[in-house]
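See below for the structure under consideration.
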Amino acid sequence: MVTLISFVIIFVVSFVLNLIPFAGPSNMLIAYTFALRLNSTDFLSFALIGAAMALGSALAKGIYYMVTFFISGRYIKKSRQKLDASKIKRWAFPLLFFAAATPIPDEPIIIALGLMKYSPSKFFGAYFLGKFGIGVMGAFLAGFSIEIFGDFISSEVMVVLSIAMTIALTIILLKVDLGKLFEKYLHRKPPADQEPK
Numbered sequence: 000m001v002t003l004i005s006f007v008i009i010f011v012v013s014f015v016l017n018l019i020p021f022a023g024p025s026n027m028l029i030a031y032t033f034a035l036r037l038n039s040t041d042f043l044s045f046a047l048i049g050a051a052m053a054l055g056s057a058l059a060k061g062i063y064y065m066v067t068f069f070i071s072g073r074y075i076k077k078s079r080q081k082l083d084a085s086k087i088k089r090w091a092f093p094l095l096f097f098a099a100a101t102p103i104p105d106e107p108i109i110i111a112l113g114l115m116k117y118s119p120s121k122f123f124g125a126y127f128l129g130k131f132g133i134g135v136m137g138a139f140l141a142g143f144s145i146e147i148f149g150d151f152i153s154s155e156v157m158v159v160l161s162i163a164m165t166i167a168l169t170i171i172l173l174k175v176d177l178g179k180l181f182e183k184y185l186h187r188k189p190p191a192d193q194e195p196k
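If you read the sequence shown in numbering that gives the first Met the number 0, its first letter stands for residue 0, the second for the next number, and so on.
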């Protein structure tokens, strides 16, 4: 059960941890851990945990965004015009949503959008939705873990296993060039028996 106090604690922890540049922990792990500690197994709890986590992280990263937003007036005009003319602005909302919902570092995108004076409301909306989605998913996975393994494994062990899996997945995502892998798959030659004659 997510009480008001629990909501505030999740918000504060998420806010503080997301202030750490380039090295903050996985927000999915934050949601997962709190869902385990609160023994959450219903969708309302998942949504509240996701909302508290997303609000904290969006406000924390919003500080980076607003700092660059307000100093962008001092930014070299020519460089800013190049940024404004780039495709980033056109794809800013889905790009920011994707960055918020995945383990990739989002600071470069946040800083670039701040320099371009991208809409603050769109920034907050995209970032909040991305973090909300990943937060609900993390809480749901915790609830699923409780339902399946709750009788066999303690919540502490499940948290440790989750941390190990998060580290492993993050390393894989950072080391593997998914774009090259996808391109290689698309351009691979068909088997000899399927080649056109």
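The beta carbon of each residue, even a glycine, is placed where N, CA and C say it ideally should be. Quick caveat, the model's predicted, so the values are computed rather than measured.
Beta-carbon gap between residue i and residue j smaller than 8 angstroms
i, j, result
"residue 26", "residue 113", "no"
"residue 39", "residue 142", "yes"
"residue 111", "residue 129", "no"
"residue 48", "residue 138", "yes"
"residue 43", "residue 127", "no"
"residue 64", "residue 9", "no"
"residue 46", "residue 18", "no"
Residue environment, residue i, which counts as buried when at least 16 other CB atoms sit within 10 Å
i, result
"residue 16", "buried"
"residue 204", "Residue 204 is absent from the model: the chain starts at 0 and stops at 196."
"residue 37", "buried"
Boundaries of the alpha helix (DSSP H) in which residue i is found, first to last residue
i, result
"residue 15", "3 to 17"
"residue 114", "106 to 114"
"residue 93", "91 to 100"
"residue 67", "42 to 70"
"residue 0", "Here residue 0 belongs to no alpha helix (DSSP H), and DSSP marks it neither H nor E."
"residue 28", "26 to 36"
Inter-residue CB distance, residue i and residue j (contact presumed, cutoff 8 angstroms)
i, j, result
"residue 29", "residue 0", "Contact flag wrong, Cβ pair sits at about 18 angstroms."
"residue 50", "residue 96", "About 16 angstroms separates the two Cβ atoms, so there is no contact after all."
Residues near residue i by beta carbon distance below 8 angstroms, same chain, minus five either side
i, result
"residue 123", "57 and 61"
"residue 41", "142"
Chain-order list of residues whose beta-carbon lies under 6 angstroms from that of residue i (same chain, five-residue window excluded)
i, result
"residue 117", "91"
"residue 13", "29, 52, 55 and 56"
Cβ neighbours of residue i in the same chain (closer than 7 angstroms, five flanking residues each side left out)
i, result
"residue 177", "Because residue 177 carries a pLDDT of 49, less than 50, the predicted location of this residue cannot be relied on, and no value is offered for it."
"residue 67", "110, 113 and 114"
Contact test: residue i Cβ vs the ligand MG heavy atom, cutoff 7 angstroms
i, result
"residue 32", "Questions concerning the ligand MG fall outside what the structure shown contains, since it holds no ligand whatsoever."
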